[in-house]
Amino acid sequence: MDAVGDIPHCNEFGKLDDNPDEPEKGLVIGVLYIAISSVGIAISCFVFYAFSRPELFKSPCYKLLVFTTTADILNLMTAGLVAGFASIFQITVCEKRHHWFYLFQFWGLALWYFYSIASMILALNRALNFARPKAAAALFGGWKPWLWLLSMVAYSVFGMLVSPTVEIYIPNRGVYIDGTKCLFHIYQNMVKISVVTVSYTVMFWHLRNLSRSTGSWSTDQIPSFGVAILGDFCAVSYLAASYIPEEWEMSEYAGMLGQLSWLALHLGTGLIYLLVNRSVHDAFAPFLKASKYRLSTNRVSAIQPGHTITQQNY
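Numbering (my numbering), first residue to last: 526 to 839.
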């Protein structure tokens with residue numbers, strides 16, 4: 526086994542120092558991560574289809590939703606599929622034959638930066654749509670969402686350059702850790718929580734005032750608030766799991782709890798849209814009608830000539 530030198534947490538024997546010798550635990554973790562992420566990717570792909578339909582994609586908000594949904598899918602691949610297979614097959618960054626996995630860790634961190642800034646920009650867009658519609662039109666109208674997309678990519682690259690580190694995945698603990706202390710990673714997580722929370726609070730305040738003046742409450746924004754609450758909850762859970770005292774018995778599962786909160790964020794976002802977003806329901810309706818039609822056709826074809834069907838009311 527050839528070891529890779531100068532990689533944090535790797536020893537001279539090509540082993541990961543923080544990885545306990547418990548491959549059976551890695552197997553359970555891997556299967557769990559792959560199962561969760563597979564469900565999440567399937568849901569998010571359908572949400573992506575719903576939001577990217579031409580009649581919706583022309584709207585700036587839906588363009589931003591497509592960007593964040595893409596980030597959901599890619600993060601589920603990183604946090605779930607890739608991590609799950611690494612746990613099952615005991616893949617670490619410390620072996621030369623798995624050098625691709627070492628390089629992939631940089632991509633994974635950049636993806637998280639991309640999702641973070643995309644979420645903040647989407648939250649800002651939604652808040653301005655209610656608080657300052659003219660400002661929203663000026664900042665996000667027309668082709669400007671594509672400039673925002675470039676800024677998201679630039680932000681991700683900037684984060685990797687200003688505070689370079691590599692994420693190290695520990696297969697038998699089921700968690701990614703910073704190879705070296707990364708202040709940008711820490712601070713941007715805090716900024717993300719703050720920006721998203723403030724933006725959706727402003728949006729809620731304006732919706733409340735609108736409901737008081739009209740006497741009715743719009744349910745169209747429920748998915749937005751649901752995603753915001755989920756994002757804050759998962760972010761706080763991730764941070765809390767990182768600071769569980771080592772003397773506590775559950776500390777050995779802290780990393781996995783943090784990873785599961787990461788997966789829950791991206792799975793839950795797609796699930797909320799699938800359950801309560803009207804645009805997603807509209808996209809789902811043709812599939813449901815086609816399914817009912819096929820079922821009806823199968824029933825009719827099953828009736829043999831010469832037989833009489835008696836209709837019963839229950």
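Where a beta carbon is used, it is the ideal one built from N, C-alpha and C, also for glycine.
From a predicted model like this one, the values you see are computed outputs, not experimental measurements.
Checklist entry - Got a sec, what are the start and stop residues for the alpha helix (DSSP H) glycine 801 sits in? => result With the sequence shown as reference, residue 801 is identified as valine, and glycine is not the correct amino acid for it. Judged by DSSP secondary structure, valine 801 falls within the alpha helix (DSSP H) whose first and last residues are 779–801.
Checklist entry - How about lysine 717 and alanine 760: do their beta carbons lie closer than 9 Å? => result Yes. Within cutoff.
Next on the checklist: Tell me the residue span of the beta strand (DSSP E) that contains isoleucine 695.
Outcome noted: 692–695
Next on the checklist: Considering only the alpha carbon of each residue, which of Val564, Pro545, Lys540 and Ile532 lies closest to glutamate 777?
Outcome noted: Here the closest residue by C-alpha is Pro545.
Checklist entry - Should methionine 775 be labelled buried (16 or more other beta-carbon atoms within 10 Å of its own) or exposed? => result exposed
Item to check | Same chain only: Cβ atoms within 6 Å of threonine 690, ignoring 5 sequence neighbours per side | outcome: Asp703, Gly704, Thr705 and Cys707
Next on the checklist: Please state the DSSP three-state secondary structure of aspartate 543.
Outcome noted: coil
Checklist entry - At what residues does the alpha helix (DSSP H) containing isoleucine 702 begin and finish? => result Looking at the DSSP string, isoleucine 702 is not in any alpha helix (DSSP H); the run it does join, the beta strand (DSSP E), is 700–703.
Next on the checklist: With a threshold of 8 Å on Cβ separation, who are the neighbours of phenylalanine 582 within its own chain once the five nearest residues in sequence on each side are excluded?
Outcome noted: Here the set comprises Phe576, Lys588 and Val591.
Checklist entry - If you draw a straight line from the C-alpha of serine 738 to the C-alpha of glycine 756, how long is it? => result 30 Å
Checklist entry - Should leucine 541 and valine 607 be called a contact, given that it needs their Cβ atoms to be closer than 9 Å? => result no
Item to check | Residues bridged to cysteine 535 [DSSP beta-bridge criterion] | outcome: Leu541
Checklist entry - By the 10 Å Cβ neighbour count, where 16 or more other Cβ atoms means buried, how is aspartate 531 classified, buried or exposed? => result exposed
Checklist entry - Is tyrosine 638 near glutamine 713, with beta carbons less than 9 Å apart? => result With contacts defined as CB atoms closer than 9 Å, tyrosine 638 and glutamine 713 qualify as a contacting pair.
Next on the checklist: Helix, strand or coil for glutamine 615? Go by DSSP, reduced to three states.
Outcome noted: coil
Checklist entry - Are the stretch 669–689 and the stretch 640–651 touching, with three or more C-beta to C-beta distances below 8 Å? => result These segments touch.
Item to check | Of the residues Glu692, His731, Val553 and Gly793, the one placed nearest phenylalanine 631, counting alpha carbons only | outcome: Glu692
Next on the checklist: In whole angstroms, give me the CA-to-CA distance for leucine 796 and tyrosine 725.
Outcome noted: 19 Å
Item to check | Helix, strand or coil at arginine 651 [DSSP, three-state] | outcome: Arginine 651: helix per DSSP, three-state reduction.
Item to check | Cβ pair leucine 634, methionine 685 closer than 9 Å | outcome: Result yes, Cβ atoms of leucine 634 and methionine 685 sit closer than 9 Å.
Checklist entry - What residues in its chain sit with their C-beta under 7 Å from that of serine 584, if we drop five residues either side in the sequence? => result none
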